[in-house]
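2 protein chains.
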Amino acid sequence: MSTQQRVPPARPTAAAQFKVACSHCALKDLCLPVGLSRHELAQLDGLVATRLTVPRGAALYRCAEPFTSLYAVRTGFFKTRTCTADGREHVTGFQMAGELLGLDGVGSGLHTCDAVALEASQVCTIAYLRFQEISRDVPELQRQFHKVLGREIVRDHAVMMLLSSMRAEEKVAAFLLNLSHRLQARGFSSTALLLRMTREEMGTYLGLKLETISRCLSRFNEQGILKVCHRDVRILEPAALEALVNSATI
Amino acid sequence: MSTQQRVPPARPTAAAQFKVACSHCALKDLCLPVGLSRHELAQLDGLVATRLTVPRGAALYRCAEPFTSLYAVRTGFFKTRTCTADGREHVTGFQMAGELLGLDGVGSGLHTCDAVALEASQVCTIAYLRFQEISRDVPELQRQFHKVLGREIVRDHAVMMLLSSMRAEEKVAAFLLNLSHRLQARGFSSTALLLRMTREEMGTYLGLKLETISRCLSRFNEQGILKVCHRDVRILEPAALEALVNSATI
DNA sequence: CGTTTGCTTGACAGCATTCAACGTTGGTGG
DNA sequence: CCACCAACGTTGAATGCTGTCAAGCAAACG
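As they're listed, the protein sequences go chains D and H.
Be aware that the first sequence starts at 148, since it is given in this note's numbering, and climbs by one per residue.
Be aware that the second sequence starts at 148, since it is given in this note's numbering, and climbs by one per residue.
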C-alpha cells in the first residue's frame with residue numbers, strides 16, 4: 148500500500164544526539180568519503196557533526212535561501228524541484244541514501260531549487276565553509292568534491308539526452324532501471340521498487356504528463372514486464388526494459 | 148551569408164607563440180578569473196600558457212579520451228556532443244568566448260563528450276593537475292572553480308526544464324534569447340545573431356527535429372518577430388520572444 | 001559545373017496531451 | 001463508527017503538436 152503525502156510542511160529538526168562518524172558509516176563507499184584514506188576520513192569526521200531529521204513533505208532547503216551547507220542523505224528519499232512563479236513544479240532529481248544535496252547552491256551562493264523529503268529522512272550536514280578549509284589541507288577531499296560535482300554534470304547530460312531523444316515508454320523504462328541500479332548498489336532488491344514519488348513527480352522529471360506515466364506503467368503491467376500495484380512495482384523482465392532503453396540509445 | 152562546415156576533421160594545433168596573460172585578457176571578467184585579485188591573477192598567468200588553435204569541424208577533445216586539461220574559449224564557437232554507438236549525436240551545449248570546456252571529464256577522469264569547433268577557434272589550455280596544485284594555495288581560485296562547476300549544474304537544470312516543459316516555439320525562443328544575452332555580455336549586438344550551428348544541431352540540443360526548428364524560424368519570420376536569412380538572424384521583437392518564454396515559465 | 005550539404009515546405013501519421021469521468025485510499029470531522 | 005473530502009491514480013475519447021517522409025531549392029566546394 149502506498150503512503151500518501153498529506154503531512155503538512157514542517158521544518159527539519161536537529162537531531163545530533165547520536166552521531167555516526169563518516170569513518171564508521173555504512174554508506175562511506177557510496178557517499179562523499181569514497182576513496183579517502185583512514186587519515187583523510189578522520190578529518191571529515193570532525194566536520195560532519197549534526198544530523199537533521201526531515202519529516203515527509205518538509206523542505207530541507209528552499210529556493211533562494213542562502214547556501215551554507217551540503218547534505219548527505221543518510222536515510223530516506225528526496226526530490227529536488229525548481230520553483231516557478233505559480234504552483235507548477237519541475238523535478239530536477241531524486242536523491243537516496245549516500246547522495247548529496249545542495250550542489251545547486253555552490254554556483255551562486257543561493258539555493259536554486261527546493262529539496263523536499265518524500266519520506267521521513269535523515270541527512271548529515273556538511274558546513275560548506277569549514278569543508279572548504281579542510282579541503283585545503285586534504286587534497287584528496289578536494290579532488291573527491293570535484294568528482295562529485297563533475298559526476299553531477301555528467302548525470303545531468305544523461306538526463307538531457309533522455310529528455311530530448313526518448314519516447315514515453317523508453318523514458319519510463321530508463322527511469323525504473325536507474326532506480327533499480329541505485330537500489331542494488333545500496334544492497335536492496337533491484338526488482339522490488341517502492342516508488343516514493345507521485346505519478347506527477349515522475350512526470351515532471353521525465354517531461355511527461357501524469358496520465359502518460361500511468362498509461363506506460365499499465366502497459367508494462369499488461370505486457371508482463373512489470374507487476375504494478377500502485378507504488379509497489381516489481382520488475383519481472385529487466386531485459387525488456389533494457390531493450391527499450393537500448394533501442395533508444397543505439 | 149553563412150559558412151558551411153565542409154572542413155575535414157583535423158586535430159587542434161599548438162599556437163603558443165603569442166601569449167596573452169589572463170591578467171591582460173579582454174575576457175577576464177567573463178572567464179575563470181572573475182573576481183580574482185591582481186595577485187591571484189598572477190598565479191593563474193603562469194598556468195595558462197599554451198594556446199590551441201582549433202580549425203572548424205575539428206574536435207578539441209573526444210569522448211573517452213583522458214581528461215588532462217580544461218579549456219577556456221578565447222575566440223570562436225564550440226558545441227559539445229555526446230557520442231552514441233551509431234552516427235546520431237546529441238548536443239549538450241554551445242560554448243562561446245570566455246566559457247570553459249572540459250568540465251565533463253572532471254567526474255571520471257575521462258571525457259564524456261566531444262568538443263567540436265563550429266568555426267575556427269582558439270582556446271587557452273589549463274592543465275588540471277597544476278591547476279589543482281595552485282588552487283591549494285589560492286583559495287579564491289578554488290572557490291571560483293567550484294562556482295564554475297556549480298553554475299554548470301544550474302545551467303543544466305535550466306536546460307532540463309526547457310526540454311521537459313516547453314513546446315517547440317518556446318524552446319526556440321528561449322534558445323535565441325539565451326544566445327542574445329550571452330553575445331550582449333561580450334559586447335556584441337544582442338539583436339544580430341549569426342548562428343554557427345546547423346538546424347539539426349539546434350534540434351538535438353532542444354529535443355526537436357530540424358524540420359521543426361526550420362518551421363519555427365519561418366513562423367517567427369512571418370510574424371515579424373525575427374528576420375531570418377539562413378543563419379543570419381535578426382531579432383526584431385525581443386519582447387515577443389520573452390513573452391513566449393515567460394508564458395512557458397509562469 | 002556538378003555534387004554535396006543544408007534548408008524549406010507540404011502532406012500525413014503518430015504519439016502524447018488534454019479533458020473528463022470514475023475508482024481508490026487515507027484522513028478528518030460529525 | 002461512518003460519511004465525507006482531498007489527493008492520487010486509472011482509463012477513455014478527441015485534439016493537436018511534432019515527427020516522418022518526400023520533394024525541391026540554394027549555397028558552397030572541388
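We treat Cβ as the ideally placed atom computed from N, Cα and C, and that holds for glycine.
Range of the contiguous alpha helix (DSSP H) that encloses residue i
i, result
"Val-285/D", "Where Val-285/D is concerned, there is no enclosing alpha helix (DSSP H), given that its DSSP letter is neither H nor E."
"Glu-317/H", "315 to 332"
"Thr-351/H", "346 to 353"
"Leu-188/H", "185 to 194"
Residue i in three-state terms, based on DSSP
i, result
"Ile-382/D", "strand"
"Ser-149/D", "Unreliable positioning characterises Ser-149/D in this predicted model, as indicated by a pLDDT of 38, which lies under 50. The coordinate reading is nonetheless provided below. Here Ser-149/D sits in coil by DSSP."
"Phe-292/D", "helix"
"Ser-361/H", "helix"
"Asp-261/H", "strand"
"Ala-163/H", "Reliability fails at Ala-163/H, whose pLDDT of 49 lies under 50, so the model's placement of it is uncertain and no value is given."
"Ala-339/H", "strand"
"Ser-312/D", "helix"
"Arg-221/D", "strand"
"Cys-169/D", "helix"
"Ser-255/H", "coil"
"Leu-247/H", "strand"
"Val-154/D", "Residue placement at Val-154/D cannot be trusted, given a pLDDT of 49 that sits under 50; what the coordinates show is reported in the next sentence. In the structure shown, Val-154/D sits in coil (DSSP, three-state: anything other than H, G, I, E or B)."
Run of the beta strand (DSSP E) containing residue i, from where it starts to where it stops
i, result
"Met-243/D", "236 to 243"
"Gln-370/H", "Element bounds for Gln-370/H: n/a, residue is neither H nor E."
"Ala-274/D", "268 to 274"
"Arg-198/D", "198 to 201"
"Thr-229/H", "224 to 230"
"Ala-206/H", "206 to 208"
Proximity test, Cβ basis, 9 Å: residue i and chain D
i, result
"Leu-391/H", "no"
"Lys-226/H", "no"
"Ile-300/H", "yes"
"Gln-190/H", "no"
"Gly-245/H", "no"
"Tyr-218/H", "no"
"Gly-193/H", "no"
"Thr-351/H", "yes"
"Gln-242/H", "no"
"Arg-209/H", "no"
"Ser-282/H", "yes"
"Gln-269/H", "no"
"Gln-331/H", "no"
"Gln-370/H", "no"
Nearest residue (CA-CA) to residue i, options the options
i, options, result
"Arg-302/D", "Leu-276/H, Gly-252/H and Ala-219/H", "Gly-252/H"
"Ser-403/D", "Asp-261/D, Phe-225/D, Glu-287/D and Arg-277/D", "The requested residue 403/D does not occur in the structure, where chain D is confined to residues 148 to 397."
"Met-349/D", "Ser-337/D, Ala-244/D and Asn-325/D", "Asn-325/D"
"Val-220/H", "Glu-347/H, Glu-212/H, Arg-228/H and Gly-249/H", "Gly-249/H"
"Leu-383/D", "Thr-227/D, Gly-334/D and Ser-327/D", "Ser-327/D"
"Ser-336/H", "Arg-346/H, Glu-316/H and Arg-381/H", "Arg-381/H"
"Phe-241/H", "Leu-276/H, Leu-265/H, Tyr-208/H and Val-295/H", "Leu-265/H"
"Ala-274/H", "Gly-256/H, Glu-287/H, Asp-261/H and Pro-286/H", "Gly-256/H"
"Val-306/D", "Thr-396/D, Lys-356/D and Leu-388/D", "Thr-396/D"
"Arg-158/D", "Pro-202/D, Leu-288/D and Arg-277/D", "Pro-202/D"
"Ala-386/D", "Leu-323/D, Val-375/D, Leu-340/D and Arg-346/D", "Leu-323/D"
"His-377/D", "Gly-297/D, Ala-390/D and Ala-339/D", "Ala-339/D"
"Arg-343/H", "Pro-213/H, Gly-297/H, Phe-367/H and Gly-204/H", "Gly-204/H"
"Ala-332/H", "Ala-168/H, Ala-173/H and Val-167/H", "Ala-173/H"
"Thr-222/H", "Gly-354/H, Thr-359/H, Leu-330/H and Val-392/H", "Leu-330/H"
"Glu-347/H", "Glu-236/H, Arg-283/H, Gln-370/H and Met-243/H", "Glu-236/H"
"Asn-368/H", "Ser-394/H, Val-270/H and Glu-316/H", "Glu-316/H"
Per-residue contacts from residue i into chain H (C-beta, under 8 Å)
i, result
"Val-253/D", "His-293, Lys-294, Leu-296, Gly-297 and Ile-300"
"Cys-260/D", "His-304"
"Arg-346/D", "The premise fails here: Arg-346/D is roughly 15 Å from chain H at the closest Cβ pair, so nothing lies under 8 Å."
Partners in chain D for residue i, counting only beta-carbon separations shorter than 9 Å
i, result
"Leu-183/H", "Neighbours of Leu-183/H on chain D: none; closest Cβ ~16 Å, over 9 Å."
"Pro-354/H", "Here residue 354/H is Gly; the residue named in the question, Pro, does not match the sequence. Under the 9 Å cutoff, chain D gives Met-307, Leu-310, Ser-311, Ser-312 and Gly-354."
Neighbour flag for residue i against chain H, beta carbons, 9 Å
i, result
"Val-319/D", "no"
"Ser-361/D", "no"
"Pro-286/D", "yes"
"Arg-198/D", "no"
"Arg-290/D", "yes"
Chain D contact residues for residue i, given Cβ-Cβ distances below 8 Å
i, result
"Thr-239/H", "His-304, Met-307 and Met-308"
"Leu-250/H", "Gly-297 and Ile-300"
Contact set between residue i and chain H, taken where Cβ atoms lie within less than 9 Å
i, result
"Arg-381/D", "None at all; the shortest Cβ gap to chain H is about 27 Å."
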